[in-house]
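Okay, structure first, notes after.
2 protein chains.
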Amino acid sequence: MLSRSHPRPPRTGRPRSAAADEAILEATRASLVDLGWSKLTMGDVATRAGVAKTTLYRRWAGKNELVVDAVAVLFDELELPDLGSLSADVQAVVLQFAALLERPETRTALMAVVAESTRDEALRTRIRDSIVDRQKRLVLQGRRRAQERGELPVEPDEGTASTTADLIFDVIAGAVVHRVLVSAESVDADWARRFTVLLLAGLGAAASA
Amino acid sequence: MLSRSHPRPPRTGRPRSAAADEAILEATRASLVDLGWSKLTMGDVATRAGVAKTTLYRRWAGKNELVVDAVAVLFDELELPDLGSLSADVQAVVLQFAALLERPETRTALMAVVAESTRDEALRTRIRDSIVDRQKRLVLQGRRRAQERGELPVEPDEGTASTTADLIFDVIAGAVVHRVLVSAESVDADWARRFTVLLLAGLGAAASA
DNA sequence: CCAGTTACGCTACGGGTCGTAGCGTAAGGA
DNA sequence: TCCTTACGCTACGACCCGTAGCGTAACTGG
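Shown next as structure tokens:
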């Protein structure tokens, strides 16, 4: 799950401190909670982590990359429960996702890094790999389960199946994000139920269109 | 449409230059296109607008408020066409909204100011008043038209009708924003059609739940 | 045990932006 | 004409950035 070390470490010399890595990421999340995205500085994170500022720059190019990695691990918590029906599974994952977005670390960081990524291709790739794809996996997993249960038809064409999954993903993630971060209203069980009713009814129609 | 002058101007003294206002907002949009949100500075905007930096600070508290106002006017372009059916109207407004989000000014600015607003209540209110509510109006307008056409039932209870409208708004705006800014894929006519099919089918079910 | 190699902590630095204060001048109103 | 407010300009301390340089620490291969 932690394959974020593209340049493989050389076999010689002093190895990088893994403890420092975790301390820095933890300090980054703490700083996000206390200061928020805009007032978070590299110097502050270094101080909190008990590490020199230069050590941060040896591992991350800047604030953007650092925060993405610090927040990404939180998305590992997301998982699709097996509650017996597609409707129950969707509602549960919606509530999970909303709870994650309501945490102060993600709340302040997620939109900020996405905003930065609109002008930084490498950052967009990093976000996609470490955050977005982890959510998307849940959609694919949920569809597979629903098909096994007979709740959803198996789409014959590979292409349309893929674009449908993309559509569903944007609808679910987009709606929850918009509700929490833009409308700034909480996602409770009732909202999740209403949303799921809408989505599943639409899903049936979308498959046959 | 431009009621953004809470502190009403005093009856005496030199009046504020309306030309400078427009020059500053225009310069802000230009700077967003060239530099993006993170590299945009107050000094740069002042230089582009041909005004002193102090003049900016006399009117806006900072970068956040300035950019919100600069981008807000772009959302005035959004309007709900009357194409004869709810489906056609939704598709059209989705394409309009997507086109707006794909402009470099909004692309880089929108998520950034929303991110900032998570820690700034006043900024959140400003965004809501000058951006979000203008979109929400389209949803209410579209529902009213559809009810007049007989495409949608008139919901008896005022409360559930309101929460349903909120849900629809989060789904539409959220899905489009997520598609364009997170998934970073274009919203074409086909996507708009698929999305609308899903939404309208779900709408029927949501009303009766 | 001893070079060789890499990581780390620390200090210092030039460069940039912030937001404000102070001043003289410009543009309206009583 | 006085009064009031807006404007342009300069200057300033404060902060953060990202890097260079150096001595030290940790681990490896001979």
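Those protein sequence lines, which keep their order, are chains R and B.
Count along the first sequence from 1, then add 1313; that gives the number in this note's numbering.
Count along the second sequence from 1, then add 1313; that gives the number in this note's numbering.
C-beta atoms are modelled at their ideal positions from N, C-alpha and C, and glycine is treated no differently.
Please read all numbers here as calculations on a predicted model, not as lab measurements.
- Query: Hey, is G1487 of chain B's beta-carbon within less than 9 Å of any beta-carbon in chain R?
  - Reply: yes
- Item | 6 Å Cβ shell around A1385 of chain B - same chain, five flanking residues per side excluded | S1443, I1444
- Query: Can the beta-carbon of A1459 of chain R be found closer than 9 Å to that of G1517 of chain B?
  - Reply: When the beta-carbon positions are compared, A1459 of chain R and G1517 of chain B stay at least 9 Å from each other.
- Can you name the residues of chain B whose CB is closer than 7 Å to the CB of E1429 of chain R? S1351
- Query: From the beta carbon of L1391 of chain R, is the nearest beta carbon of chain B less than 9 Å away?
  - Reply: no
- Task: For D1483 of chain R, go through chain B and note every residue whose CB falls closer than 7 Å to its CB, in chain order.
- Result: A1488, H1491, R1492, S1496
- Message: Quick check on DSSP: helix, strand or coil for L1465 of chain R?
- Response: In the three-state reduction of the DSSP assignment, L1465 of chain R falls in the coil class.
- Query: Is there contact between the region 1398-1414 of chain R and the region 1345-1362 of chain R, where contact requires at least three CB pairs shorter than 8 Å?
  - Reply: no
- Query: With 16 as the cutoff for other CB atoms within 10 Å, does L1315 of chain B come out buried or exposed?
  - Reply: In this prediction, L1315 of chain B has a pLDDT of 39, which is less than 50 and means its spatial position is unreliable; nothing more can be read from the coordinates.
- Query: Can you check whether the CB of K1376 of chain R is closer than 9 Å to the CB of T1360 of chain R?
  - Reply: no
- Message: Just to make sure I have the definition right: I need the residues of chain R whose C-beta is within less than 8 Å of the C-beta of T1421 of chain B. Which are they?
- Response: A1428, T1431, R1432
- Message: Quick check on V1484 of chain B: buried or exposed, where buried means 16 or more other Cβ atoms within 10 Å of its Cβ?
- Response: buried
- Task: Return helix, strand or coil for D1433 of chain R, following the three-state DSSP convention.
- Result: In the three-state scheme derived from DSSP, where H, G and I count as helix and E and B as strand, D1433 of chain R is classed as coil.
- Are the C-beta of D1472 of chain B and some C-beta of chain R separated by less than 9 Å? It should be noted that the sequence gives Gly, not Asp, for residue 1472 of chain B. Judged by the 9 Å Cβ criterion, G1472 of chain B is not in contact with chain R.
- Query: Given A1447 of chain R, which residues of its chain have a CB within under 6 Å of its CB, disregarding the five upstream and five downstream residues?
  - Reply: Looking at the sequence shown, residue 1447 of chain R is not Ala but Arg. For R1447 of chain R, same chain residues with a beta-carbon under 6 Å away, outside a window of 5 residues either side, are F1388 in chain order.
- What residues from the region 1500-1519 of chain B come within 9 Å of chain R, judged by C-beta to C-beta, listed N to C? Within the region 1500-1519 of chain B, D1503, W1504, R1506, R1507, F1508, V1510, L1511, L1512, L1513, A1514, G1515, L1516, G1517, A1518, A1519 place their CB atoms closer than 9 Å to a CB of chain R, listed in sequence order.
- Message: Classify E1498 of chain R: buried if its beta carbon has 16 or more other beta carbons within 10 angstroms, exposed otherwise.
- Response: exposed
- Task: With a 10 Å radius around its C-beta and 16 neighbouring C-beta atoms as the bar for buried, classify A1332 of chain R as buried or exposed.
- Result: Exposed, because fewer than 16 other Cβ atoms sit within 10 Å of the Cβ of A1332 of chain R.
- Whole-number beta carbon distance between H1491 of chain B and V1490 of chain R, since they are thought to touch under 8 Å: 6 Å
- Any idea if H1319 of chain B is buried or exposed, counting beta-carbon neighbours within 10 angstroms, 16 or more meaning buried? Bear in mind that a pLDDT of 48 at H1319 of chain B, under 50, signals an unreliable position, so the number given afterwards is only what the model happens to contain. That one is exposed.
- Query: Are A1488 of chain B and G1487 of chain R close, meaning C-beta to C-beta below 9 Å?
  - Reply: yes
- Which residues of chain B have a Cβ atom closer than 7 Å to the Cβ of A1425 of chain R, listed in chain order? Within 7 Å Cβ-Cβ: A1425, A1428.
- Query: How long is the line joining the alpha carbons of V1364 of chain B and A1411 of chain B, rounded to whole angstroms?
  - Reply: 33 Å
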